[in-house]
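Reading through the structure tokens given below for one structure.
Residue numbers (the UniProt record's numbering): 1 to 253.
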């Protein structure tokens, strides 16, 4: 299937590693002009070398709304428009259940909710005016949909992100913008949580997969990137306000 992303301008936040890097590489492979954003300059330079194409890099902490607006302005100045926004900043690292503090709630929500809402607010004026061919995709988690052993703060932040995506679908549609989310399950990346858990106790990971995941394996960043690229493309023109699960069958209805 041709995704019709050739020459589309895309901005990917959290693009220096893991799912974000895989998304950027997939969009470049589909012919998009991709701007990579993250907090670390060195990691971004390595990411640009990895994805190739006409990718540009932008150092920004998008938990700061001022920085988010400056990032979008920079992309707009470079390319003149923005067709696709991928909101990928997030982290599931937090305190054990029952140890949450106001400061920890604020930190986790900044990363997993406000990093996305800041970008949507910043990008909206530049993206508005399309005919449904402009797309925003937020990376959520199945932790926003069920209690699976993750930190409580992460549950709350991702559930809020899912609700935000659903709530924004109608007002953004009036501006010609679609918005969806992808909720990954357990994803194995070289420097991620599951790589560490496998190194520490591979039998425990294998046992969890056998018990909890229908496909009995971990997912890959590239598999999530394929879903994201589809949702970002004109081939998904009738999809908005959805949270698409990609978890190997872990969730149970």
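Where a beta carbon is used, it is the ideal one built from N, C-alpha and C, also for glycine.
Discussion item. Based on DSSP bridge pairs, tell me the residues matched to residue 256.
Written reply: Given a span of 1 to 253 for the chain in the structure shown, any question on residue 256 remains unanswerable.
Worksheet item: Counting Cβ pairs, one atom from each stretch, are 3 or more of them under 8 Å apart for the region 113–132 and the region 94–103?
Response: no
Worksheet entry | Coarse secondary structure for residue 184, derived from DSSP in three states | strand
Item to complete: Can you tell me which of the three DSSP states residue 74 falls into?
Response: helix
Practice prompt. Out of 153, 241, 184 and 112, point me to the one whose CA is closest to residue 19's CA.
Written response: 184
Discussion item. Quick check on DSSP: helix, strand or coil for residue 56?
Written reply: strand
Discussion item. So within the region 113–163, which uninterrupted beta strand (DSSP E) runs reach at least 3 residues, ignoring any that extend past its ends?
Written reply: 134–139
Worksheet entry | Distance, residue 203 Cα to residue 169 Cα | 42 Å
Item to complete: Please state if the CB of residue 55 and the CB of residue 24 are separated by a distance shorter than 8 Å.
Response: yes
Fill in: Range of the contiguous alpha helix (DSSP H) that encloses residue 209
193–212
Discussion item. Suppose contacts are defined by Cβ-Cβ distances below 8 Å. Is residue 122 in contact with residue 72 by that definition?
Written reply: yes
Worksheet item: Beta carbon of residue 142, beta carbon of residue 247: below 8 Å?
Response: yes
Practice prompt. Specify the secondary structure class of residue 43 as computed by DSSP and reduced to three states.
Written response: helix
Discussion item. Per DSSP, what are the beta-bridge partners of residue 67 in this structure?
Written reply: None, per the DSSP bridge assignment.
Fill in: residue 237 versus residue 8: straight-line alpha-carbon distance, rounded
15 Å
Item to complete: Assign residue 42 to buried or exposed, taking buried as 16 or more other Cβ atoms, counted over all protein chains shown, within 10 Å of its Cβ.
Response: exposed
Discussion item. Suppose contacts are defined by Cβ-Cβ distances below 8 Å. Is residue 160 in contact with residue 30 by that definition?
Written reply: no
Fill in: Nearest-angstrom Cβ-Cβ length linking residue 35 and residue 75, presumed shorter than 8 Å
5 Å
Worksheet item: residue 11 bridges to which residues according to DSSP?
Response: 35 and 85
Worksheet item: What residue from 32, 47, 6 and 3 has the CA that sits closest to residue 21's CA?
Response: 47
Fill in: beta strand (DSSP E) segment containing residue 246, residue limits
243–246
Discussion item. Just list the residues that DSSP pairs residue 219 with in beta bridges.
Written reply: 187
Practice prompt. Could you tell me the distance, in whole angstroms, from the CA atom of residue 58 to the CA atom of residue 189?
Written response: 23 Å
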